[in-house]
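Quick note, the sequences are listed as chains A and B, same order. Mapping to my numbering: the first sequence position 371 is 371, numbers consecutive. Mapping to my numbering: the second sequence position 73 is 73, numbers consecutive. Have a look at the structure below, then the notes.
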Amino acid sequence: MSKKSWALVALLVLIGSLMLVACTGGTETVVEVTRVVTETEVVEQEPEVVEVTRVVETDPEEVEVTRVVEVEVDPNAEEEASRTGGWLDTIVIVQEPDSNSAVARLEAGDLHMYADDIAGEAAIQAMESDAIQTRTQYGLFDELLFNLATCQDEAQFNPFVNQTIRVAMNYAIDRNYVAQELYNGMAVPKFTTIAEASADRARFAAEIRAIEAQNAYNLETAREIITAEMEAMGATLENDVWTFNGEPIVLQFLIRSEDTRLAIGGYIATQLEELGFTVERVERTSGELSPIWNAGDPTLCEWHLYTGAWSQTQIDRGSESAFEQYYTNRVLPWPLWALYAPVPELDEASRKIYNNDFASIEERTELIRTALTLSEEYATRNWITSRTTLVPFRNEVSVTTDLAAGVSGTALWSKTIRFADEVGGSMNIGLPSVFTEPWNPIAGSNWVFDQMVLRGISDLGIYTDPNTGVGILGRVERAEMTVREGYPMSVQSDWVTLAFEPEVVVPDDAWAGWDATNQVFLTAADVFTETQTALVKSTVYYPADLFSTVTWHDGSPMSVADFIIPMITAFDLGDPASAYYDEALVPGRDSFVASFKAVRIASTDPLVIETWTDVGALDAENAVQSWWPAAAYDFSDAAWHNMALMLRGEGNGGFAFTADKAAANEIEQTNLIAGPSLDVLAGELISATEESFIPYAPTLGEYITAEDAAARYTNLAEFARRYGHYMISTGPYFLSGVFPVEGQAVLTHYAAHPDLASRFAGFAAPASPVVEIDGPARVTIGEEAAFDVFVDVFDGPYPMDDIEAINYLVFDATGALVAQGAAEGVEDGVWQVVLGSDVTGALAEGSNRLDIVAVSKLVAIPTLASYEFVTAP
Amino acid sequence: MATVTGDFNINAEVDVESIEATARKARTQSLVRLLRYTLLKLVALVVTVAIGVYITIFVANMGGEVDNIRMATIRENVALTATADPVFRAMATEERIAYINDRVELEAKRYGLDRPFILRSFEYLRDAMTLNLGYAQQLTSDSGSRMVRNIILERLPSTLVLFGTANLLLFFIALFAGLSLSRRYGSFADKAVLAMAPTSSAPPWFYGIFLILIFAALLGVLPFGGMVGAPPPDNPLDYALSLLQHMILPVSAWLLSAIFLTTYNWRTFFLIYASEDYVEMAKAKGLPDGMIERRYILRPTLPNIITSFALTLITLWTGAIITETVFNWPGIGQLYARAIGAFDTPVIVANVVIYAYLLALTVFLLDFIYALVDPRVRVGGGGPKQ
């Protein structure tokens, strides 16, 4: 019997039982009325039995009948409203490397969520399952990379040195075929460098749509252009095979063999053969091909084409790298890139976009339009598809996922994950790998799987909106940004104020450097001979009750020293004069110093931190420097006291933060959670307790007393005794179990967390618009035509205030863009597109298409919808 | 001095000294022969191990090509990591290139790519032969240690418990079933085993997938995989029970895939001995079956059984890559596969050299064990006693 049948039987039994209970207990008696309950009353108390009065109107006399009924009261309501920390009691992270197996386990209820993105067969199985829901994410996109070098050997012929041929290759690739057939619908066609999960995808939807129409698949067009260009270059088509100097032109096509790119490469190779090229398919793995395309000399012409792919780990707010990285030689120091020589207009536009070197958003819009067009003409690569992958979880689970980075990439996952109708409970989450590499804040594991667990136990000063990529309030209360005039920063949220000044001056008393010998900060006056200016000044305000409400997982209240110690390590660890010097940290320190200007603790309680830096962002929310420890360190959270133990261990040669130093000295890499590091940490904890050790005492001694130190070490010792590790943070769950060999991590609800569990409930699901178009199927040429556009969200109309724009594009029968504009709002969820007589008059007879691009303020990715209509006289 | 001429004379005078001297000489010769044999055998084995390990080093590094792969990968990863950093954008072009080159240089140094492969290959060999396993290049142990010793030792217990159980069960069940069937030649059970023997052409993981589908996905009575339940029980007894529960499917898959063929092999092997004249004689004398099996069949086959058993034991070291993967079992096999994929030479070499040493030691000791269990065999004699 199937699960459905069992469920049906169970339901029937349940209904029968209820009816039986109702029949036996439903005797109406006349009793004294104690309470009247109406249908709409909301009961927020413990389950109880109440008596309901029903007034039965009979003629000629009125009889009052009271019936005893049980009122269903939600037992979770009170806890739902008052619960702090995470919703769940326990989260068990379980290693499950195989996505197909993970889906089977999800269906069986053995797992509740698989926190990695899945594709292929596993994704299809998940979508077909009644027990599983899925959330789509973008983040990986495919390209056909051209070797555009002129070959050293003149006897060799490289057609892709020709820009026109590279552009024409767009017509030879049916991206819809790749997306629908090779990816089984788990990808969307991609024609431009703008990422699918980016704010600019919505801003430039019309331009992108126009390029898509322009570069649509047409093999004959490709053949026509390529033939003309090849002949102009001296090649000859003999028996449908391109030759040069009497020899067939053989294209070395490097095809990645690990994923769907194998099929994509095969398909494009076939298309090239159809065009007359002889193709040698070199199907190998990443590691095997990298020395050829990435490190090899492209002028040797050992390869011509490569099936590349790029990943995106967060929603792209500014597309800064979209052109500079792919069309110029200024970002990536690879041999092929060294040959990139775009036209000056593209070169200039790319540089300005990369450096945010423009005075207004309008100027930026023009720059991107220019770059979009010219980059398509330069065609260092043809973009093929944006892959969509799924995050699968059971129906009863509710969780936040990031549009670009899935569930593992958003710090909000642990703040929102829950059973939809239950408070508490234990949830099993599958991950491909658990405890992949050592955990430490300076150079620990950067694996997404480890980082997911770390994000799960951490808080942040500022989170990232998983749907738009804009910073949202975490522990920070508010912020002020002062920016040099002319820099195009803007603000959307009310927690940041933005001001512009002609000069952002760094004050002399701010900390601008570090004296590693004396372990004291150097002021700007010490470091600089002249008064310094910065691009931005960020002032971050923490709430007045921060230090009384926020505690580390060992129970230690947070303090200002927790914020200052990462400021010190950023300078100190890469300084040769430091006792903890590590050569491998020098480049990181240098890059930090290159843009950092100064920092100042304006107030210790409430905590206010001012930062001057040359690093900006288009969104003010994303430029705020919080100095929250989990964000200030690159790889994990740390309090000053467990950092103190790590520093002692580093200084005593017990272990090293970086794998480089560990390897050079033949010692272990610092690991807070398991392995030989634990013995070192335990030893250092004893010593530190005995000495009431304060790290960087000349500086931190002003913020930490010996009593504070003793209390913290005592707390940490007790925590380590209970849970067997030293990884503490401030999030809604703490790491209570580390099982490295078994591949499991246990996170337990942290009751002392100050936030309500419901704080981020609004981010549980992306408010993506759902668009439907209605209108005439037949339009008379030269007459006005109106189309209704229905925009919904979560089964209701999309509020107009949350819609950025509803844009439309009209394409004629040839696929040419003939009109575009903005729809007019009628009411919430209803918009209208009116095509004037001038627009329809310009359309020829035949089938046309109306495209709608719905851009929400709440979600970065626009929704596209199309409507076909016929024009006739 | 006694002379023995013709007829045997029990009262003849014996030259005891001469006999003792001869015996001493024989013992000395035996000892010398034994020592020489032992020495030569050890040298031969060590040389064989060294050659095997060096070939492994050479192959694992593709004759040095891995250096190019690793260098290109480092360049790629360093650059891509850098581009994701907003600070990187604030740098001038020259600073960016210098930054990436510095990081690449550091990484290359960490992997030893600043020295030629041929030099490093002999260092690997020296370290391996002296069992100085050192530090892994990329892998870490489950608990984050980079020491190869820790990486292997952490995975060893789980491998031993699973494959030890499976292999010992397989060995003894097949051995005794084979022995029993050899005495019931032509019976239904014998024919059934014969008929089922081809099922061993499918590997354990093949059966594993079916077992998971049936008992985990469909019936939901046994776990999909892993070593223990989630979360791992605190109580040692509960932990052990959970471990046992998680072993049921992989052990069953292991047994299913090999039990019939192994039983068939043993049955055929014993069948040869069971038809020997002295066995027939024993049967004719009316000795009980048990005694015949123990004294007349098992005893002369002991060297073969011990050899098979010893090789079974050391095979545990290698785990089973795909079976461990299917059952998500944290064993040596998976570790080995990861090390190969990551070109982590120290871990690959450590696995190989330990196995090689175990194999060499087993081969070495087996010669002596044969001599102990079978009086016809003598060490270094090249054949049965005259």
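Using N, Cα and C, we set each Cβ at its ideal position, and we do this for glycine too. If you're wondering where the values come from, they're calculated on a predicted model, not measured in any experiment.
Three or more Cβ pairs closer than 8 Å define a contact, and the segment 479 to 498 of chain A falls short of that threshold against the segment 781 to 792 of chain A. Counting the other Cβ atoms within 10 Å of the Cβ of residue 772/A gives fewer than 16, which makes it exposed.
Taking the Cβ atoms as the reference, residue 297/B lies roughly 5 Å from residue 273/B, within the contact range of under 8 Å. Comparing alpha-carbon positions, the option among 854/A, 813/A and 847/A lying closest to residue 832/A turns out to be 854/A. Among the bridge pairs identified by DSSP, residue 386/A is matched with 141/A and 188/A. According to DSSP, residue pairing for residue 749/A in a beta bridge involves 733/A. Taking the Cβ atoms as the reference, residue 799/A lies roughly 5 Å from residue 828/A, within the contact range of under 8 Å. Below 8 Å, enough C-beta pairs join the segment 394 to 411 of chain A and the segment 310 to 325 of chain A to call them touching: three or more.
At least 9 Å separates the CB of residue 472/A from every CB of chain B. At the C-beta level, residue 748/A and residue 760/A stay beyond 9 Å of one another. Our two residues, residue 525/A and residue 533/A, have alpha carbons roughly 13 Å apart in a direct line.
A straight-line Cα-Cα distance of about 8 Å links residue 312/B and residue 168/B. Nearest to residue 301/A by alpha-carbon distance, out of 417/A, 156/A, 255/A and 328/A, is 156/A. In the three-state reduction of the DSSP assignment, residue 119/B falls in the helix class. Residue 837/A sits exposed, since fewer than 16 C-beta atoms from the chains shown fall within 10 Å of its C-beta. Per the C-alpha coordinates, the member of 284/A, 223/A, 668/A and 139/A positioned closest to residue 165/A is 223/A. Exclusion of the five residues before and after residue 794/A leaves 765 and 767 as the residues of its chain whose Cβ lies within less than 8 Å of its Cβ. If you check the CB distance, residue 203/B and residue 141/B do not come in under 9 Å.
Taking each of 226/B, 227/B and 212/B in turn and checking the Cα distance to residue 220/B, the smallest one comes out for 212/B. Your pair residue 328/B and residue 96/A checks out as a contact, with CB atoms roughly 6 Å apart and the cut at 8 Å.
Counting along the chain, the unbroken alpha helix (DSSP H) around residue 350/A starts and ends at 344 to 354. Here residue 135/B carries a strand assignment [DSSP, helix/strand/coil]. Per DSSP, residue 537/A is one residue of the beta strand (DSSP E) stretching across 536 to 541.
Runs of the beta strand (DSSP E) spanning 3 or more residues and lying entirely within the segment 253 to 285 of chain A occur at 278 to 284, in chain order.
Residue 64/B has its alpha-carbon roughly 7 Å from the corresponding atom of residue 58/B. In the DSSP secondary-structure assignment, residue 511/A is bridged to 523/A and 599/A.
Here the C-alpha atom of residue 285/B lies approximately 14 Å from the C-alpha atom of residue 293/B. Cβ atoms of residue 353/A and residue 320/A come within 8 Å of each other, at about 6 Å. Pairing residue 424/A with residue 559/A, the inter-Cα distance amounts to about 30 Å. Between residue 745/A and residue 435/A, the C-beta spacing is below 9 Å. Residue pairing by DSSP leaves residue 254/B without any beta bridge partner. Between residue 468/A and chain B, the shortest Cβ-Cβ separation is not below 9 Å.
Identification of residues in the segment 98 to 110 of chain B having a C-beta nearer than 8 Å to some C-beta of chain A yields 99, 100, 101, 102, 103, 106, 107, 109 and 110, given in sequence order.
Contact holds between the segment 607 to 624 of chain A and the segment 531 to 551 of chain A, because three or more Cβ pairs, one in each stretch, are under 8 Å apart. Taking C-beta separations shorter than 8 Å and ignoring five residues to either side along the sequence, the partners of residue 840/A in its chain run 779, 780, 781, 782, 783, 784, 785 and 871, following chain order.
Contact between the segment 176 to 192 of chain A and the segment 272 to 281 of chain A is not established, with fewer than three Cβ pairs separated by less than 8 Å.
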